[in-house]
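Here's the structure we're looking at; comments come further down.
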Amino acid sequence: MSSQNQSNHKISREKLNLAIGEFVKYDSKTFKITQLIDFNEVIGIDIHTNEAKRLLIEHIKPLPKDSIKDNGYIHKDVNDIADDDWKKIEERLIAIRPILNGDTRAEIEQHAEEIGIHFTTLYRWHRGYKSTGTVTGLLSQKRGRKKDTVFIEQDIEDIIQETIKNDYLTVHKPSIKSIINTIKIKCLERNLTFPSNNTIRNRINKLSQYELLEKRKNKASARDKFAPAPKHYKADYPLQVVQIDHTLVDLQIVDDEERTAIGRPWITLAIDVYSRMIVGYYLSLDAPSGVSVGMCIVNSILKKDKLLNDFNIEEEWNVWGQIDNIATDNGADFRSFSVEQACLANGIHIEFRPIGKKEYGGHIERLIGTTMTEVHDIPGSPKSNIQQKGSYDSEKYACMTFSEFERWLLLYITKIYQHNYHSGIDSTPFEQWKKGILGSSECPGIGYPQLPVDETSLTLDFLPTIERSVQKNGVTIDGLNYFHPVLRTKIRGYDQGLKLKKEDSQYIFKRDPRDISTIWFYDNLQQEYHEIPLANTEIPRMSLQELNMIKANISKVNNQVLNERNIILGYKELYDHVKESVRKTKKQKKFIQKVKNNIKLTQNIQDIKQVKKSTRTRQSHDFWDEEIPDFD
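The sequence shown begins at 1 in the UniProt record's numbering and counts up by one.
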């Protein structure tokens, strides 16, 4: 049954720490890490037998944290956390970041004094982050009302908060006495009871030092006090700063079957400033978006072994782990709300390039230039300037398919680029990376970066979000209907028999644009994801780009009402047409190539999700014959 095979997933942003002295699980036994060998193995001591053993990093698991106290936030979807809470998370993360690698009371007390936060407060934030392994652990647990606590009316509370925000938190810096008088005047005008002076002072005292500096002075002062300012994104250790950018590849690629040109792909590249290692990439026939940024970040953080095996490349690309800061330009794709929230949820700070300061993006721009220079040697490259182009017909000489170019890119990264001398670091990127991680005779390394324990959770955080209400037939997105019995209690805003307000009947869904055959539904009550299939099993797997082309084709022909039957017929008609005109219509050939690319990419996502093939089996019977009760 589908209800039994359905995939459920609870978000976990816990990190695996592979530092010397750390206790970990390996083959159901507990080991203490004593030595870092290379990027694949460590030496661990069995705590029961005291025997040393080589441990493969890919099989190491963190010890279960039975003592984790759920504050109500650690399993939440990034979109299910209020803006005010995100602000608190960001401020508190900035405050504790300099002491994340220090645990002594003296270190925390010294830093607390430097930034003007009480020691116990800073210690509580530090402990919350360390014990849960996620930034949402920085938030305090939601508590009920204490006995004999006196609460003021909501109208009065609104006036207090509004006045603090609009009058107190300004560069004019009014006194607290002035704010108290302003609040009482507003209450008088609305015939409301005056709040006590202490009530108002308590609200002001709850403001963070960061917020006070940011609003009553300026953002620069707040940033200078709570975080060191970057100097042209200089990095002192691996993954301290990673730069990301996109470019349109200087190469015409061909379709798999006809070997005729279908256009130029886009590439998103990420470079580690410290070592100049390429840490990740994302290749697509679609223009850059929040999805390409997010998937590049995911690729940068995760290990690359499976990716290289898929392309039959016998070379290592040992760059992975938690990124501290990402430096980007101010493009809309990087300013995407979902990308920013996903980064913050995973402890990654985004630093946007100052407007007009091109030198802040110099490393990634030079990498793109270097990579495109290599691309220019491939037949089908339109070269980089008019003198080189001449009368060269790049489409005529194009020879590489999308997957062939991706393999070329991986070969270049692993066999050439990472082992080539780089004058900026007076070393090769790999040797610099290795020195930064494992150390050398001159200086110790920082050790392995942290790895996400749950790859699926990382991917879900960076997928785009869609909000929809649930109807009797499930949920409809872009004309496609999705259903699973788990949605029944959410129909028309009813949840576990309780009627929700209209504005609360919207639920969070995640969708991978490269494979829209399934979506992820987030149950905010259970704080759990459920994978929801298409209700109509006749619809083949497709990407969002394919769906949009099908819908456009149907509308252009006869303005039919778009429904699933028409989409299936349109899908058939479109492919029949493409088959007949493949040599004539370049646009359609590019479309076919996207289908093939997305099938391969979505298969990789299925592996990341670690869902068994059996869980993808859909019901053979028609569940629409079942009676769905109405809720009153």
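The C-beta atom is built at its ideal place from N, Cα and C for all residues, glycine as well.
Query                                                                                                                      : Result
Three CB pairs or more closer than 8 Å across the region 392–409 and the region 252–259                                    : yes
Cβ contact (3+ pairs, closer than 8 Å) linking the region 34–51 and the region 169–189                                     : no
For H484 and V477, the rounded distance between their alpha carbons                                                        : First, the residue type needs correcting, since residue 477 is Ile and not Val in the sequence shown. Roughly 15 Å separates the two Cα atoms.
Minimum C-alpha distance to residue 634 - residue among F521, A327, K306 and N473                                          : The structure shown does not extend to residue 634, since the chain is modelled only from 1 through 632, so no value can be given for it.
According to DSSP, residues forming a beta bridge with S7                                                                  : Per DSSP, none; premise fails for S7.
The region 235–251 in contact with the region 195–207 per 3-pair CB rule at 8 Å                                            : no
Neighbour-count burial assignment, A95, 16 or more Cβ in a 10 Å radius                                                     : buried
Beta-carbon proximity check, K594 vs L285, cutoff 8 Å                                                                      : yes
Alpha-carbon to alpha-carbon, L139 and D70                                                                                 : 10 Å
Coil, strand or helix - V273 by DSSP                                                                                       : coil
Where the beta strand (DSSP E) through R511 begins and ends                                                                : Y507 to D512
As assigned by DSSP and simplified to three states, the class of S284                                                      : strand
CA nearest to the CA of E442, picked from Q432, Q450, P382 and P449                                                        : Q432
Residues near K186 by beta carbon distance below 6 Å, same chain, minus five either side                                   : I159
Residues that T328 bridges to, as DSSP identifies them                                                                     : F352
Proximity winner among P288, L409, K15 and L451, relative to F39 (alpha-carbon distances)                                  : L451
Counted within 10 angstroms of its Cβ, other Cβ atoms place Q110 as buried (16 or more) or exposed                         : exposed
Boundaries of the beta strand (DSSP E) in which P429 is found, first to last residue                                       : P429 -> not in any beta strand (DSSP E); alpha helix (DSSP H) instead, spanning P429 to L438.
Through-space distance from L269 to Y281, alpha-carbon basis                                                               : 5 Å
Cβ-Cβ separation, L544 to I508 (assumed contact under 8 Å), whole Å                                                        : That belief does not hold up - the Cβ atoms of I508 and L544 are roughly 18 Å apart, past 8 Å.
Helix, strand or coil at F194 [DSSP, three-state]                                                                          : coil
CB of T132 within 8 Å of CB of I74, strictly                                                                               : yes
Helix, strand or coil at D515 [DSSP, three-state]                                                                          : strand
Bounding residues of the beta strand (DSSP E) (the contiguous stretch that carries F31)                                    : K29 to L36
Nonlocal neighbours in the same chain, by C-beta distance under 7 Å from V453, ignoring five residues either side          : S12, E14, K15, L16 and P62
Boundaries of the alpha helix (DSSP H) in which N181 is found, first to last residue                                       : I176 to E189
T414 versus F405 - alpha carbon distance                                                                                   : 14 Å
CB contact flag (Y482, P533, <8 Å)                                                                                         : yes
Through-space distance from Q161 to L460, alpha-carbon basis                                                               : 35 Å
Contact under 8 Å by Cβ, S469 with Q527                                                                                    : no
Chain-order list of residues whose beta-carbon lies under 6 Å from that of Y529 (same chain, five-residue window excluded) : H9, W520 and Y522
Proximity winner among R201, K184 and I200, relative to F194 (alpha-carbon distances)                                      : K184
For I323 and S300, believed in contact at Cβ under 8 Å, the rounded distance                                               : 7 Å
Option nearest G474 by Cα separation, candidates F462, N181, K490 and E157                                                 : K490
Host alpha helix (DSSP H) of H246 (start-end)                                                                              : Looking at the DSSP string, H246 is not in any alpha helix (DSSP H); the run it does join, the beta strand (DSSP E), is V241 to L248.
Where F23 sits in the DSSP three-state scheme                                                                              : strand
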